[in-house]
Amino acid sequence: MRPPLRRYPAARLARRQFCLVVALALSSAGLLHCQNPSVSDGSEVSEADRARFARRRLEDSRALVAEGRLDAAERNLLRGIAVRPDDAALHRALARVLDSLGRSDEARAHYIRSAELDPVEPLPQTPLVDAQGILVVLVPPEEPPEPLNRKPVLWPDGVAARTLRNRLRVRLPGATIAHSEPTTVAKAHRWLNRYRPRAVISLRVDRSFCGESVKDGQFAVAWLRLAAEAPNLQNSPPRIYRDVVLDPDPAEPCEIRAVARALEAALLDARLARVLAAEQLPEGIRVAGRSGLRAWSRVSIRALFPGIAQAITAEIEVGRVLLAGGEIAASTEAFQRALHIDPEDPFARAYLHEAESTLAMVHELGRSAGTPPDDNLDPRLSAAQAAAIEARLTEEQLRRDDLLAALAVLDEDAIMPAPRLLETLRVTPVRDPAAFGPTVARARAGGEIEARAAYAPDGGVLARYYFPVGGNSPLVREEDTNGDDRPDRWIGYSGTNRAEIWEDSQGDGQPNLHFVFAEGGTPIETIEIDSDIDGRPERVFHYEAGVLRVENRDTDGDGELDAFDRLNSEGEVIERGEDLNGDGSIDVRSIYRDGKLVRREFSSPEVATESVGGALLN
């Protein structure tokens, strides 16, 4: 028998119906009860459960929008807002759906609510520095491989370029902003000398686009390449800054904020800070002409204008393909075009040399075979041609040995080059017998010495080695690391391993740094710093197993070490000894624990009184 129906007041029935709707909504996310809402054991639904439910409704609505089912997407979002009314993403998505349905007034209310719940962080509006004398060049984006065509469009008049210009006027007031794409290093020099900047910043927007996915919704992406150079600073490689903006503000074009935030990240670059602080060079270095051109190295030029390197790479690749196919003359022209872009490019020069040598060999083989000259090389060689090539290989072996020796010199670290490579070194005159390198070598040899050099393929000296006269093992290696034609680094050998290194970082011709290594060439044992080059170091560091353990200093400049620190493995001072009267013995010894002074010992009461005052002895 069916039980009798229970009758409910209208208000109570309406509440049960609402509860059922919410329960059905929550059940799809694992929220199974509708008591205010709660789970089956009577406890309140957790905020994590509400967030998961809202996230599911958001993703479902995005899928429905993609299918064109806007009404269903609206219902999904309303269900999510009913459970989590303060979810900014739900309100923003609902506003977009309502806009698409033509209900702009309703949409505006949800836009306002989403902005209240999740306000957009404002971009900085204060100047970073006074950028007078700084040139900012906006270079066009690199052509991406098809079909990935996500570069900024309409450059330099598109959204990305305008965003950079507007933000740079706010953050770098006084800077000159220009667009340029010089096709050669020489043209880049001339263009820079028109502005005569003290430093140059190069910005390139490689990616700037908007997208949408079910998982993330709408988003904007920007990739910004930064290069910053100044004539009086060492070159630094360019850097890429990326930014992704999820659910961008519909009130502005979506990629604006991504480009602006990528620029803000680039403006915090430590290298850029040093460039912005670079001083103006003397006028004579920047005038048009050779002195002006020297102000910017080819490395700086290619970092600032990446299109130059791309053009060279393209020409070299064309030349390589032609060379591999036997079209020697055509490949030579391609390598010459690359050198027209940058006459100092080492790869283009090497390939051109290879192509010209191959072309000369082809002509010689033709003359040997009695055939007319040909600028192409048929890979199917005759017996006569093969014999001629074998003869040429013998000549090339000498060049290869020189190259291997050069590579060994460049890669050398703790061990000298192998004997086979040392045999390829060529005897060269000792330029200055009284210079530091020859003097140290004679002291180690106990007699006369001779110099032998390793040469680069272009004929430049990579390093000189000093041997005992007629000896097989070098005593000292000498090199010029900064290219000023003066030695500034010396390595002293013990057996086949390095024992010491001297460096001249001040350009005085005499070393101010001295490194001593353990047996075997590593690890380091001692570093001595002699800034005034008087033969008496002002600071001496002692290492144990590569860890700094002792630092000794000359604190009063009399040439004698008078402060002696012992350190723990974390680099903290644990004991400090001081020679106050210069008699060579410790007068005050201080003991530290966790960076704090815990005890001080004195050699006599007189020293204690003079050191810390009588008040501290009480």
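Residue numbers for the sequence shown follow this note's numbering, so the first one is 16 and each next one is one higher. From the three backbone atoms N, C-alpha and C, an ideal C-beta is built for every residue, glycine too. Since this is a predicted model, take the numbers as computed values, not measurements.
**OP:** Provide the residue span of the beta strand (DSSP E) that contains Pro134, from first to last.
**Re:** As a working mapping, residue 134 is identified with position 119 in the sequence shown. Annotation for Pro134: no beta strand (DSSP E) segment contains it, and DSSP assigns it neither H nor E.
Original post:
Can you tell me the Cα-Cα spacing of Gly474 and Arg441, whole angstroms?
Top reply: As a first step, residue 474 is located in the sequence shown; it is residue number 459 there, counting from the start. As a first step, residue 441 is located in the sequence shown; it is residue number 426 there, counting from the start. If you draw a straight line from the Cα of Gly474 to the Cα of Arg441, it comes to about 12 Å.
**OP:** Starting from the Cα of Val491, find the closest Cα among Tyr470, Glu465 and Asp500 and give me that residue.
**Re:** For this step, residue 491 is matched to residue 476 along the sequence shown. That would be Glu465, whose Cα lies nearest to the Cα of Val491.
Original post:
Are Ser122 and Arg99 closer than 9 Å when you measure CB to CB?
Top reply: Residue 122 sits at position 107 when you count from the first residue of the sequence shown. Residue 99 sits at position 84 when you count from the first residue of the sequence shown. The identity of residue 122 in the sequence shown is Ala, whereas the question assumes Ser. No.
Original post:
Among Pro268, Ala533, Asp503 and Gly461, which residue has its Cα nearest to the Cα of Gly452?
Top reply: The sequence position of residue 452 within the sequence shown is 437, counting from 1. Comparing alpha carbon positions, the residue from Pro268, Ala533, Asp503 and Gly461 closest to Gly452 is Asp503.
Original post:
If you draw a straight line from the C-alpha of Asn567 to the C-alpha of Gly550, how long is it?
Top reply: On the sequence shown, residue 567 is found 552 positions in, with the first residue counted as 1. On the sequence shown, residue 550 is found 535 positions in, with the first residue counted as 1. Distance between the alpha carbons of Asn567 and Gly550: 16 Å.
**OP:** With Ile96 as the anchor, note down where its beta strand (DSSP E) starts and where it stops.
**Re:** In the sequence shown, counting from the first residue as 1, residue 96 sits at position 81. In this chain, Ile96 is not harboured by any beta strand (DSSP E); it is covered by the alpha helix (DSSP H) spanning Leu85 to Val98.
Original post:
Since Phe530 is in the beta strand (DSSP E), which residue starts that stretch and which ends it?
Top reply: Within the sequence shown, residue 530 is the residue found at index 515, counting from 1. Going by DSSP, Phe530 is part of the beta strand (DSSP E) stretching over Leu528 to Phe532.
Subject >> Limits of the unbroken alpha helix (DSSP H) element including Gln233 >> reply: As a working mapping, residue 233 is identified with position 218 in the sequence shown. Element bounds for Gln233: not the alpha helix (DSSP H) but the beta strand (DSSP E), Gly232 to Glu244.
Original post:
Out of curiosity, what's the CA-to-CA distance linking Leu143 and Val260?
Top reply: Here residue 143 refers to the residue found at position 128 of the sequence shown. Here residue 260 refers to the residue found at position 245 of the sequence shown. Roughly 23 Å separates the two Cα atoms.
Original post:
Near Thr198, which residues of its chain fall below 8 Å by C-beta distance, leaving aside the five closest residues on each side in sequence?
Top reply: Numbered from 1 along the sequence shown, position 183 holds the residue referred to as residue 198. Answer for Thr198: Gly322, Ile323, Ala326 and Ile356, listed in chain order.
**OP:** From the DSSP output, in three-state form, read off Val260 for me.
**Re:** Taking the first residue of the sequence shown as 1, we reach residue 260 at position 245. Taken through DSSP and simplified to helix, strand or coil, Val260 comes out as strand.
**OP:** Would you please state the rounded distance, in angstroms, between the beta carbons of Gly536 and Asn497? I believe it to be under 8 Å.
**Re:** Locating residue 536 in the sequence shown gives position 521, where the first residue counts as 1. Locating residue 497 in the sequence shown gives position 482, where the first residue counts as 1. In this structure Gly536 does not touch Asn497 by the C-beta definition: roughly 24 Å separates them, more than the 8 Å allowed.
Original post:
Is Val37 helix, strand or coil by DSSP?
Top reply: Position 22 of the sequence shown, counted from the start, is the residue given in the question as residue 37. Note that Val37 scores 42 on pLDDT, short of 50, meaning its location in the model is unreliable and no value can be drawn from it.
Subject >> Reference Ala69, options Ser195, Arg186 and Arg90, closest by Cα >> reply: Position 54 of the sequence shown, counting from 1, holds the residue named residue 69. Residue Arg90 is the option with its Cα nearest to Ala69.
Original post:
Considering only the beta carbon of each residue, do Pro253 and Glu196 sit closer than 9 Å?
Top reply: If you number the sequence shown from 1, residue 253 lands on position 238. If you number the sequence shown from 1, residue 196 lands on position 181. No, the pair does not count as a contact, with Cβ atoms beyond the cut-off.
**OP:** Sort Ser520, Gln525 and Thr439 by Cα distance to Val455 and report the nearest one.
**Re:** Within the sequence shown, numbered from 1, the residue matching residue 455 stands at position 440. Closest by alpha carbon: Gln525.
**OP:** Leaving out five residues on either side along the sequence, give the residues of the same chain with a beta carbon under 6 Å from the beta carbon of Arg479.
**Re:** If you number the sequence shown from 1, residue 479 lands on position 464. Excluding residues up to 5 positions away in sequence, Ala466, Ala468 and Glu493 lie with their Cβ nearer than 6 Å to the Cβ of Arg479 in the same chain.
Subject >> Val236 to Ala375 span [Cα, whole Å] >> reply: As a first step, residue 236 must be located in the sequence shown, where it is residue number 221. As a first step, residue 375 must be located in the sequence shown, where it is residue number 360. Here the alpha carbon of Val236 sits roughly 52 Å from the alpha carbon of Ala375.
Original post:
Taking the alpha carbon of Arg435 as the point to measure from, which residue in Pro483, Arg286 and Asn487 has its own alpha carbon closest?
Top reply: Numbered from its first residue, the sequence shown carries residue 435 at position 420. It is Asn487 whose Cα lies nearest to the Cα of Arg435.
Subject >> Residues near Val613 by beta carbon distance below 8 Å, same chain, minus five either side >> reply: Residue 613 sits at position 598 when you count from the first residue of the sequence shown. Within the same chain, Val613 has close Cβ partners Ile606 and Tyr607.
Subject >> Minimum C-alpha distance to Ser618 - residue among Asp609, Ser600 and Gly610 >> reply: What you label residue 618 is simply residue 603 of the sequence shown in a count that begins at 1. Among Asp609, Ser600 and Gly610, the Cα nearest to that of Ser618 belongs to Ser600.
Subject >> Candidates Ala242, Asn181, Glu157 and Val151: closest to Pro212 by CA position >> reply: Sequence index remark: in the sequence shown, residue 212 carries index 197 (1-based). Selected option, being the one with the closest Cα: Val151.
Subject >> Per-residue DSSP class, three states only, for Phe350 >> reply: Walking along the sequence shown from the start, residue 350 turns up at place 335. Correct three-state label for Phe350: helix.
Subject >> For Asp580, the three-state DSSP class (helix, strand or coil) >> reply: Position 565 of the sequence shown, counted from the start, is the residue given in the question as residue 580. The answer is strand: DSSP assigns Asp580 an E or B state.
Original post:
Which partner residues of Val603 appear in the DSSP bridge assignment?
Top reply: Walking along the sequence shown from the start, residue 603 turns up at place 588. Its beta-bridge partners are Glu593 and Phe617.
Subject >> Beta-carbon proximity of His557 to Glu540, cut-off 9 Å >> reply: Along the sequence shown, one-based indexing puts residue 557 at 542. Along the sequence shown, one-based indexing puts residue 540 at 525. Against a cut-off of 9 Å, the Cβ pair of Glu540 and His557 comes out as a contact.
Original post:
By Cβ distance, which residues of its chain are closer than 6 Å to Val200, with the 5 residues on each side in sequence left out?
Top reply: The count along the sequence shown starts at 1 and reaches residue 200 at position 185. Only Arg313, Ile316 and Asp357 meet the Cβ criterion.
Original post:
How many Å lie between Gly462 and Pro361 at the Cα?
Top reply: The count along the sequence shown starts at 1 and reaches residue 462 at position 447. The count along the sequence shown starts at 1 and reaches residue 361 at position 346. Using only the alpha carbons, I get a separation of about 41 Å.
Original post:
Would you say Ala140 and Ala190 are within 9 Å of each other, going by their C-beta atoms?
Top reply: By 1-based counting over the sequence shown, the position of residue 140 is 125. By 1-based counting over the sequence shown, the position of residue 190 is 175. Reading the sequence as shown, one finds Gln at residue 140 and not Ala. Not in contact: Gln140 and Ala190 (Cβ atoms no closer than 9 Å).
Original post:
Contact check, Ala277 vs Arg257 under 8 Å by CB: the rounded distance?
Top reply: Residue 277 sits at position 262 when you count from the first residue of the sequence shown. Residue 257 sits at position 242 when you count from the first residue of the sequence shown. Yes, they are in contact, since the Cβ atoms of Ala277 and Arg257 sit about 7 Å apart, within 8 Å.
Original post:
Among Ala345, Ser228 and Pro489, which has the Cα closest to the Cα of Glu438?
Top reply: By 1-based counting over the sequence shown, the position of residue 438 is 423. Closest by alpha carbon: Pro489.
**OP:** Locate the alpha helix (DSSP H) running through Val336, then write down its first and last residues.
**Re:** Residue 336 sits at position 321 when you count from the first residue of the sequence shown. If you look at Val336, you'll find it in the alpha helix (DSSP H) that goes Pro321 to Ala339.
Original post:
Do you know how far the Cα of Ala292 is from the Cα of Ala245?
Top reply: In the sequence shown, the residue the question calls residue 245 occupies position 230. In the sequence shown, the residue the question calls residue 292 occupies position 277. When rounded, the distance between both Cα atoms is 10 Å.
Subject >> Ser509 - DSSP class collapsed to helix/strand/coil >> reply: Here residue 509 is taken as the residue at index 494 of the sequence shown, counted from 1. Residue state for Ser509 is assigned as strand, using DSSP reduced to three classes.
Original post:
For the beta strand (DSSP E) that Ala477 lies in, which residues bound it at each end?
Top reply: Counting from one through the sequence shown, the residue named residue 477 turns up at place 462. The question names Ala, but residue 477 is Leu in the sequence shown. Val476 to Pro483 is the extent of the beta strand (DSSP E) around Leu477.
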